[in-house]
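Numbering (the numbering used here), first residue to last: 2 to 720.
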């Protein structure tokens, strides 16, 4: 039996980093513009398909010496000259979807892809075209456009096979010949081995990236690759060690993007969790994914670990061992919250159990819904509008409905009633804006036939992924910013104005307009003495629960352009910094323009009683309402996870978090001193990876304001 010849994935990464960005300009725009000019007058979906094909045909296969998997994002480079102004004008005229109009952030149906292969999907499309009953002209055109893109993908894969065979001539190891044979085989049939399945998984993901897709997820990699792994083990054609090498090589291919394109792709991979039948899905591949992360220690893929009541103890410990390296992931998700949350919005139980994540932390039903979209919603600004009777406290501009003179409120309940009005109206305005934006995008004009061919039902329905082709309609996330800032501000008002009567509402509003200049004593009390969310304090926590419930209820009442759902998130992904810039001083003592609290986390430095109190506070929120996803960032000193005993204590904390109904939590394991050193001497810390919010990144590549935000997080010395 011929063994598969492998290289070391670390050597591949070193090679790619040494090469850096390839020479030449992007080949794609000129090729696509030329195609669009040649197809004027044809149905738009066919024009888009032919432009996709022209793009792939214009790319040259790129192979690294240490490759074991083909498909390189470096293939886009190499044009002698940039696209002309006329080319760019043509592409602008044709247009394309963006994030807000559901272009990417998607998980395809990988199990179907691996079951059928690209040739099998092409055959399904061909067979559907042979059954014209019930198909209108648009549907026939759309099926034809799918076929064009699939043929182009297969041609590109075949060209990679030819490129590998050219290298095989002088290769005594046989590796390039094995790669060539694998490419040739996958142009004819579905994958029949674990290496085949890994290759096809990566190749199709990279095709979506070449087509301008960003933050597309791999879904539940350990689940859909597992049957191939077991079959190869039984045949004796694969060892566990070789399977580990294949997974690590996949990680390295994902990591190529940063040195080649200048930024990482937030490619989410989910491991662990329950299977669709409810059993434990944790398997050998789950652990191989964690080991690959520990080996390479790069910002991506964005690994997400799912936990449930039957999760093995080993999985907890290996996740924490991985986090202890400092990379900041995997993020840790709770099936006991997210599965019923998805069922509550109409997702079938088996499909809810099979959820994955896209982008940072956004929930997704693989293959069965259109691409994700979202935007930010400033909760602290809503409170500002209450205190300004609908007007911005800094500019006086009317930004919301009149909800009454705040100086005449006689109780916190009156203020909360006004805040509820501002939040509801703000959410209605948000939903209206994005509904109208998407209604302006004609689904027959703005199709994505290749992506649609990879989804579960689009071929059978002969419809685009954004035009009724998927089982479920669209979802659009509404990310609430500043829950802790808002809750802490309400707690300061309750205690300072209504309970202890330390100051009047009139004085407070004046202090906020002045950014606390001349009101330093009031600010010091609000910042240091008023109740704070994150300390297991009844006042602060109760108000955080109220804010979360009010926000979630408002969002869940709205529908998207196609009858789908707006879904609440309590996540920031550094947008709390930008939301803070547009927000006046707040009653919790935060100054104007400063960042709002991060995601679902307590305000930095205000959670003073340790991680147990933080867990007690955050799990009072009903996270089953936060269907879109959430982030709780915690930072631990490396000593806290340096020993088995320390990790065991954190396992206990995590179990409590899950049992009490927390949804997601993630950890940075780094000292403030090390971060300060990296800020002062970035050239010495090029490989320092940290968790930013819903993603990890190299610390020295972040903007100064993001670095400062991470540095400000409370550091816990022990679990």
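The beta carbon of each residue, even a glycine, is placed where N, CA and C say it ideally should be.
TODO: Under 6 Å Cβ to Cβ from residue 537, same chain only, skipping five residues before and after it: list those, please.
DONE: Along the chain shown, read from residue 1 onward, the residue named residue 537 stands at position 536. Spatial neighbours of residue 537 in its own chain (CB-CB distance under 6 Å, excluding positions within 5 residues in sequence) are listed in chain order as 614, 617 and 618.
| field | Close beta carbons around residue 470, own chain, < 7 Å, minus the five adjacent residues each side | value | Here residue 470 is taken as the residue at index 469 of the chain shown, counted from 1. 453, 456, 458, 459, 462 and 464.
Tell me which residues share the same chain as residue 533 and place their Cβ nearer than 6 Å to its Cβ, disregarding the 5 neighbours each side in the sequence. Numbered from its first residue, the chain shown carries residue 533 at position 532. Take residue 533, set aside five residues on each side of it, and the residues of its chain with a beta-carbon closer than 6 Å to its own are 489, 541 and 607, in chain order.
* Spatial distance of residue 163 from residue 204 (CA atoms) -> The residue labelled residue 163 in the question sits at position 162 within the chain shown. The residue labelled residue 204 in the question sits at position 203 within the chain shown. Going by the C-alpha atoms only, they are around 15 Å apart.
Exercise. Going by the beta-carbon positions, is the gap between residue 144 and residue 129 smaller than 7 Å?
Worked result: As a working mapping, residue 144 is identified with position 143 in the chain shown. As a working mapping, residue 129 is identified with position 128 in the chain shown. Yes. Within cutoff.
- Mind checking who residue 637 pairs with in its DSSP beta bridge? As a position in the chain shown, residue 637 is number 636, starting the count at 1. Answer is 670 and 717, bridged to residue 637.
Does DSSP put residue 542 in a helix, a strand or coil? The count along the chain shown starts at 1 and reaches residue 542 at position 541. Assignment of residue 542 by DSSP, reduced to helix, strand and coil, places it in the helix class.
Starting from residue 477, follow the beta strand (DSSP E) in both directions and report where the run begins and ends. As a first step, residue 477 must be located in the chain shown, where it is residue number 476. Taken as a continuous stretch (DSSP letters only), the beta strand (DSSP E) holding residue 477 covers 476-482.
Worksheet item: Quick one: any contact between the stretch 291-303 and the stretch 234-249, if contact means 3 or more CB pairs under 8 Å?
Response: The stretch 291-303 vs the stretch 234-249: in contact.
Exposure of residue 30, with buried meaning 16 or more beta-carbon neighbours within 10 Å: On the chain shown, position 29 is the one that residue 30 refers to. Under the 10 Å beta carbon count, residue 30 is surrounded by 16 or more other beta carbons and is classified as buried.
Exercise. Buried or exposed: residue 599, going by 16 or more other Cβ atoms within 10 Å of its Cβ?
Worked result: Numbered from its first residue, the chain shown carries residue 599 at position 598. Residue 599 comes out buried.
Exercise for the section: Enumerate in chain order the residues of its own chain whose CB-to-CB distance from residue 473 is below 6 Å, with the five nearest sequence positions on each side excluded. Expected result: Looking up residue 473 in the chain shown gives position 472. So the qualifying residues of the chain are 369 and 370.
Requested in this report: Pull up the CB-CB distance for residue 663 and residue 363, whole angstroms please, since I reckon it's below 8 Å.
Outcome: Walking along the chain shown from the start, residue 663 turns up at place 662. Walking along the chain shown from the start, residue 363 turns up at place 362. With 8 Å as the limit, residue 663 and residue 363 do not qualify as a contact, their Cβ atoms being about 17 Å apart.
Q) What three-state label does DSSP hand residue 570 in the structure shown? A) Here residue 570 refers to the residue found at position 569 of the chain shown. Residue state, collapsed to three classes: strand.
Bridge partners of residue 363, per DSSP? As a position in the chain shown, residue 363 is number 362, starting the count at 1. Answer is 359.
Q. To the nearest angstrom, how far is it from the Cα of residue 147 to the Cα of residue 628?
A. Start at 1 with the first residue of the chain shown, and residue 147 comes out as number 146. Start at 1 with the first residue of the chain shown, and residue 628 comes out as number 627. Looking at the two C-alpha atoms, the distance is approximately 32 Å.
Worksheet item: Is the distance from the Cβ of residue 269 to the Cβ of residue 218 below 7 Å?
Response: As a working note, residue 269 is residue 268 in the chain shown. As a working note, residue 218 is residue 217 in the chain shown. Contact: yes.
**Asked** DSSP puts residue 564 in a beta bridge; with which residues?
**Response** As a first step, residue 564 must be located in the chain shown, where it is residue number 563. Looking at the DSSP assignment, residue 564 forms no beta bridge with any residue, so it has no partner.
- prompt: Beta-carbon separation of residue 562 and residue 705 under 7 Å?
  reply: Sequence index remark: in the chain shown, residue 562 carries index 561 (1-based). Sequence index remark: in the chain shown, residue 705 carries index 704 (1-based). No, these two residues do not count as a Cβ contact at 7 Å.
Using only alpha-carbon positions, find the residue among 526, 19 and 481 that is nearest to residue 496. Within the chain shown, numbered from 1, the residue matching residue 496 stands at position 495. Out of 526, 19 and 481, 526 has the C-alpha closest to the C-alpha of residue 496.
Check: Do you know how far the Cα of residue 593 is from the Cα of residue 431?
Finding: Walking along the chain shown from the start, residue 431 turns up at place 430. Walking along the chain shown from the start, residue 593 turns up at place 592. Computed Cα separation, rounded: 24 Å.
Spatial distance of residue 278 from residue 306 (CA atoms): On the chain shown, position 277 is the one that residue 278 refers to. On the chain shown, position 305 is the one that residue 306 refers to. Roughly 18 Å between the two C-alpha positions.
Whole-number beta carbon distance between residue 142 and residue 46, since they are thought to touch under 8 Å: Here residue 46 refers to the residue found at position 45 when the chain shown is read from its first residue. Here residue 142 refers to the residue found at position 141 when the chain shown is read from its first residue. The pair is a contact, with the Cβ atoms about 5 Å apart (cut-off 8 Å).
Open item on the list: Any contact between the stretch 375-386 and the stretch 577-593? By contact I mean 3 or more CB pairs, one from each, below 8 Å.
Closed with: Under the three-pair Cβ rule at 8 Å, the stretch 375-386 counts as touching the stretch 577-593.
Given this structure, state the Cα-to-Cα distance separating residue 679 from residue 39, to the nearest angstrom.
As a working note, residue 679 is residue 678 in the chain shown. As a working note, residue 39 is residue 38 in the chain shown. In a straight line, the C-alpha of residue 679 is about 52 Å away from that of residue 39.
| DSSP three-state call for residue 280: helix, strand or coil? | Position 279 of the chain shown, counted from the first residue, corresponds to residue 280. In the structure shown, the three-state DSSP call for residue 280 is coil.
request  = Could you spell out the range, first to last residue, of the alpha helix (DSSP H) harbouring residue 391?
outcome  = What you label residue 391 is simply residue 390 of the chain shown in a count that begins at 1. Careful: residue 391 lies outside any alpha helix (DSSP H) and carries neither H nor E.
Cβ-based burial, residue 317 [other Cβ within 10 Å; buried from 16]: For the purposes of this step, residue 317 is taken as the residue at position 316 of the chain shown. With 16 or more Cβ atoms within 10 Å of its Cβ, residue 317 is classed as buried.
Handout entry: Other residues of its chain near residue 32: CB distance less than 6 Å, five sequence neighbours each side excluded
Key = Position 31 of the chain shown holds residue 32. Result list for residue 32: 55, 56 and 59, in chain order.
Identity of the residues DSSP links to residue 439 by a beta bridge: To locate residue 439, count along the chain shown from 1; it is residue 438. Per DSSP, none; premise fails for residue 439.
Under a three-way DSSP split, which group does residue 272 fall into? Reading the chain shown from its first residue, position 271 is the one you call residue 272. Three-state result, residue 272: strand.
Problem set entry | Contacting residues, own chain, Cβ-Cβ under 7 Å from residue 198 (five flanking each side not counted) | As a first step, residue 198 is located in the chain shown; it is residue number 197 there, counting from the start. Counting only Cβ-Cβ distances below 7 Å, and skipping sequence neighbours, we find 115, 192, 226 and 229.
Evaluate contact between the stretch 251-265 and the stretch 8-25, counting only Cβ atoms and requiring at least three cross-stretch pairs below 8 Å. The stretch 8-25 and the stretch 251-265 touch, with three or more beta-carbon pairs separated by less than 8 Å.
Assuming residue 597 and residue 482 are in contact, meaning their beta carbons sit under 8 Å apart, how far apart are those beta carbons, in whole angstroms? On the chain shown, position 596 is the one that residue 597 refers to. On the chain shown, position 481 is the one that residue 482 refers to. The Cβ separation is near 5 Å, so the contact holds.
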